[in-house]
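K.L.:
Provided herewith is a single structure, encoded as structure tokens, for subsequent inquiry.
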Amino acid sequence: MTQPIYGIMAEFDDPTSLVHAARAAYQRGYRKLDAHTPFPIEELSDALHLHKNRLPLIVLLGGICGGLTGFLLQAYVTVYQFPINIGGRPLLSWPSYIIITFELTVLFAALSSVLGLLALCGLPMPYHPVFNVPSFAMASRHKFFLCIESSDPLFEHDAVVAFLQSFDPREVSDIAH
Amino acid sequence: MADVMQSPPKQEIIAPGYTFGSVTDQIATVVLTKKTPLFWFAGFSVGLTMLLLLLASIGLLLTKGVGIWGIMIPVGWGFAITNFVWWIGIGHAGTLISAILLLLNQQWRNSINRFAEAMTLFAVACAGMFPLLHMGRPWLFYWMFPYPNTMGVQPQFRSPLVWDVFAVSTYATVSALFWFVGLIPDLATLRDRAQNRIGRTIYGMLAMGWRGSARHWSVYETATLLLAGLATPLVLSVHTVVSFDFTIAIVPGWHSTFFPPYFVAGAIYSGFAMVLVLAIPLRVAYGLQGLITDRHLENAAKIMLATGLIVAYAYILETFNAWYSGDVFEEAAIWHRMTGPYMSTYWFLISCNILAPQVLWIRKVRTTPWMLFLSSMVVLIGMWLERYVIIVSSLAQDFLPSSWGYFHATRWDWATYAGTIGLFIFLFFLFIRLLPMISIFEVRTLLPGARVKEEAKG
């Protein structure tokens, strides 16, 4: 069942009130909730239990791919594709491959961390309902927002509004789709 | 046991009186204002003029070839490689500030990391041009990369020059990525604050729909830490690989094992000098003394002094090693540097790099911006001379006296060098006009209001 609105958003003036409200909302059982802040807040991630993400795994895999690419590329070129006999020295001269293997490891890992970041955040995102709240432009300046989404199983319009009002926010507003 | 140990009160990094709103406005206004200050036009025109000089030099280079430069066997590397190493070195401070100081939790970096990273990018752009131009036929640069081709040849992966291609291109890519990731939240700020449609559209597209979600911030923080962790060994490796260009050759004066740390220290030394040269006028011009405080300058000066001492140690060790090796050619190489045709350059470099920076021990110099500015200029000159002496004097007099030579820089050598300084100034002025030169969201985290007050649990 689709809800008539995306969710309900409360606006706060300082990070302490936001963290307090977010912690209470999580404890009350809301799970489809998000906060919007002008800078990262460690305590907020604690309150919303956001400390685990898959980015380190993605970067590790990217790095392993890069390392293998670097080493195998050089081994293939120097042993099979374009072997040069220099005074009978071994063709598979692995110590001289270390630098490029390292560089490609870093390159692939860095690329996968940026692409992984975008993928996990779902960016680029041309449209999002939270921007329909007029004061939301201040989320990138000095205001702190807590949003409880209507897709949450515990969502009930009036109860959520009353709950958010109890934290003395500056404003509570509905978010249109 | 309340009074057993009290940590000293934490010093604020940012001047008092700032709020989330006022830092945002002050930094964003520089970009979003319609009025461009006069000094911006002045600086930009200097950059543009010198950039035109660069284009003229490159035009002539492509028409006539590298013969317009003073390079002549035995000195085949001359200005081009000197400038390459100098510029790459300058870039290193940006990565050091953005990555290593982040991992070390040095929060004062937050107000200087953005423009220091921009400096890195532009310095790498300037550096990257020189090996390309030095190739003689720059349009065939892609021959340096391994790709299937009808000629049936491949790059020599055992050569430090090929390592350098990979190291520098990786460094440029990772620096650009790191810089862009750092910009995303600030681009969202500009998008939300831009007054006109063009600004909103362009910053909006670049911000990619960033909305400061807590879920995003938590991934974002992980990504920044991982990128910093990747950039740290990378930045140390890049100048190490640059130094391999020299140490793996057997030319006396080049072939030694302490070059990698020596080059990395020198790189950070000159890089911090460039950070100071940029920060001191910038903060005066835009009234940013409350964000880039005297404490920032003093910290940068201390790093400069520390790396300068490492460089001084390297010069002493270089001389000692030449003597201790008992190798007649090594001894001669150092002796020629000190007393030969390049002796004036050598002693000038020693005064710039070792003697002059000792004034940084005095607190008064570290806290007086104009003195620090002059001191940094001296270091930049000194570091350029260092690379010049290492490259030119070693090549000019190597083994057989019958093949010795002497390098004379031509006016086109100087024009190309000055031209890249112009390119750097040009890009930097564009950057401060079009993008926030201080990381807004990271400065917000430094404000006293950003701390979440602990409340009773539950």
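Heads up: the sequence lines are chains A and B, in that order.
Per the working numbering, residue 28 is the first one in the first sequence, and the count goes up by one each step.
Per the working numbering, residue 1487 is the first one in the second sequence, and the count goes up by one each step.
In this text, a Cβ means the ideal position worked out from N, Cα and C, and glycines have one as well.
Can we say the stretch 1761 to 1772 of chain B touches the stretch 1716 to 1731 of chain B, given the rule of at least three CB pairs closer than 8 Å?
P.N.:
As far as the Cβ criterion goes, the stretch 1761 to 1772 of chain B does not touch the stretch 1716 to 1731 of chain B, which means the pair count is below three.
K.L.:
What's the call for N112 of chain A, buried or exposed, on a 16-neighbour Cβ count within 10 Å?
P.N.:
Answer is exposed; the Cβ neighbour count stays below 16.
K.L.:
Could you give the DSSP three-state label for A62 of chain A: helix, strand or coil?
P.N.:
In the structure shown, A62 of chain A sits in a strand (DSSP, three-state: E or B).
K.L.:
Identify the contact partners of N80 of chain A in chain B, using a Cβ-Cβ distance below 8 Å as the criterion.
P.N.:
In chain order: S1704, V1705, T1708.
K.L.:
Tell me which same chain residues have a C-beta within less than 7 Å of the C-beta of F1927 of chain B, skipping the five on either side of it?
P.N.:
Result list for F1927 of chain B: P1671, D1672, in chain order.
K.L.:
Quick one: measure Cβ to Cβ for G1580 of chain B and A1602 of chain B, integer angstroms, because I've assumed they're closer than 8 Å.
P.N.:
Sure, about 4 Å apart at Cβ, within 8 Å.
K.L.:
Less than 6 Å between C-beta atoms, sequence neighbours within five positions excluded: which residues of the same chain meet that for H63 of chain A?
P.N.:
A166, F172, listed in sequence order.
K.L.:
What does the Cβ neighbour count give for D185 of chain A, buried or exposed, with the cut at 16 atoms within 10 Å?
P.N.:
It counts as exposed.
K.L.:
Specify the secondary structure class of D41 of chain A as computed by DSSP and reduced to three states.
P.N.:
Residue state, collapsed to three classes: coil.
K.L.:
Name the residue from B:L1582, B:L1669, B:Y1633 whose alpha carbon lies nearest to the alpha carbon of H1725 of chain B.
P.N.:
Considering only alpha carbons, the answer is B:L1582.
K.L.:
What's the call for P1843 of chain B, buried or exposed, on a 16-neighbour Cβ count within 10 Å?
P.N.:
It is buried - the Cβ of P1843 of chain B has at least 16 other Cβ atoms within 10 Å.
K.L.:
Would the stretch 1887 to 1906 of chain B and the stretch 1542 to 1558 of chain B be scored as touching if the rule is three or more Cβ pairs under 8 Å?
P.N.:
With the cut-off at 8 Å, the stretch 1887 to 1906 of chain B and the stretch 1542 to 1558 of chain B touch.
K.L.:
Which runs of the beta strand (DSSP E) fall wholly inside the stretch 68 to 97 of chain A and span at least 3 residues, in chain order?
P.N.:
The qualifying runs do not exist here; there are none.
K.L.:
Starting from T96 of chain A, find everything on chain B with Cβ-Cβ shorter than 8 Å and list it in chain order.
P.N.:
In chain order: nothing, as chain B lies at least about 11 Å away.
K.L.:
What did DSSP end up calling D201 of chain A once you bin it into helix, strand or coil?
P.N.:
Correct three-state label for D201 of chain A: strand.
K.L.:
If you draw a straight line from the C-alpha of R1623 of chain B to the C-alpha of L75 of chain A, how long is it?
P.N.:
Using only the alpha carbons, I get a separation of about 58 Å.
K.L.:
H204 of chain A versus chain B: which residues are under 9 Å apart at the beta carbon?
P.N.:
None at all; the shortest Cβ gap to chain B is about 16 Å.
K.L.:
Quick one: does Q1512 of chain B have its CB under 7 Å from some CB of chain A?
P.N.:
So no, Q1512 of chain B is outside the interface.
K.L.:
DSSP puts M1558 of chain B in a beta bridge; with which residues?
P.N.:
Bridge partners of M1558 of chain B: B:V1561.
K.L.:
In whole angstroms, what is the alpha-carbon distance linking Q1883 of chain B and V1648 of chain B?
P.N.:
Looking at the two C-alpha atoms, the distance is approximately 26 Å.
K.L.:
Between the beta-carbon of T1656 of chain B and the beta-carbon of L134 of chain A, is there less than 7 Å?
P.N.:
Yes, they are a contact pair.
K.L.:
Would you say V1938 of chain B and T43 of chain A are within 7 Å of each other, going by their C-beta atoms?
P.N.:
Closer than 7 Å, so yes.
K.L.:
Looking at the C-beta of S1830 of chain B, does it have a partner C-beta in chain E at a distance below 7 Å?
P.N.:
The structure shown contains no chain E; the protein chains it does contain are A and B.
K.L.:
Going along chain B, which residues have a C-beta under 8 Å from L88 of chain A?
P.N.:
Near L88 of chain A there are no residues of chain B at all, since even the closest Cβ is about 13 Å away, more than 8 Å.
K.L.:
May I ask you to report which of helix, strand or coil DSSP gives E1817 of chain B?
P.N.:
Reduced to three states, the DSSP call for E1817 of chain B is helix.
K.L.:
Report yes if the CB atom of W1870 of chain B is closer than 7 Å to the CB atom of W1572 of chain B, and no otherwise.
P.N.:
Going by C-beta atoms, W1870 of chain B is nearer than 7 Å to W1572 of chain B.
K.L.:
With H, G and I counted as helix, E and B as strand and the rest as coil, what does DSSP make of M1637 of chain B?
P.N.:
DSSP places M1637 of chain B in coil when its eight states are reduced to three.
K.L.:
Indicate whether G94 of chain A and T128 of chain A have their beta-carbon atoms separated by less than 7 Å.
P.N.:
Going by C-beta atoms, G94 of chain A is nearer than 7 Å to T128 of chain A.
K.L.:
Between the Cα of H1578 of chain B and the Cα atoms of B:G1905, B:A1653, B:M1615, B:R1644, which residue gives the shortest distance?
P.N.:
If we check each option's Cα against that of H1578 of chain B, B:A1653 comes out closest.
K.L.:
Determine whether the beta carbon atoms of T1459 of chain B and L142 of chain A lie at a separation below 7 Å.
P.N.:
Here chain B has residues from 1487 to 1944 only, and residue 1459 of chain B is not among them.
K.L.:
If contacts are defined as beta-carbon pairs under 8 Å, then P196 of chain A and E70 of chain A qualify, I think. What distance do you get, rounded to the angstrom?
P.N.:
That belief does not hold up - the Cβ atoms of P196 of chain A and E70 of chain A are roughly 18 Å apart, past 8 Å.
K.L.:
Would you report the Cα separation of I1736 of chain B and T1743 of chain B, rounded to the nearest angstrom?
P.N.:
Straight-line Cα distance between these residues: approximately 12 Å.
K.L.:
Can you list, in chain order, the residues of its chain whose CB lies under 8 Å from that of Y1828 of chain B, leaving out five sequence neighbours each side?
P.N.:
The answer, listed in chain order, is H1822, V1875, V1878, S1879, A1882.
K.L.:
What in chain B is Cβ-close to E70 of chain A, meaning under 8 Å?
P.N.:
Going along chain B in sequence order, the residues near E70 of chain A (Cβ under 8 Å) are V1938.
K.L.:
Using a Cβ-Cβ cut-off of less than 8 Å, give me the residues of the stretch 110 to 144 of chain A that come near chain B, in sequence order.
P.N.:
For the stretch 110 to 144 of chain A, which is checked against every Cβ of chain B, the residues closer than 8 Å are I111, S120, S123, Y124, I126, I127, F129, E130, L131, V133, L134, A136, A137, L138, S140, V141, G143, L144.
K.L.:
Taking just the CA atoms, how far does F1806 of chain B sit from G1868 of chain B?
P.N.:
So the two alpha carbons sit approximately 21 Å from each other.
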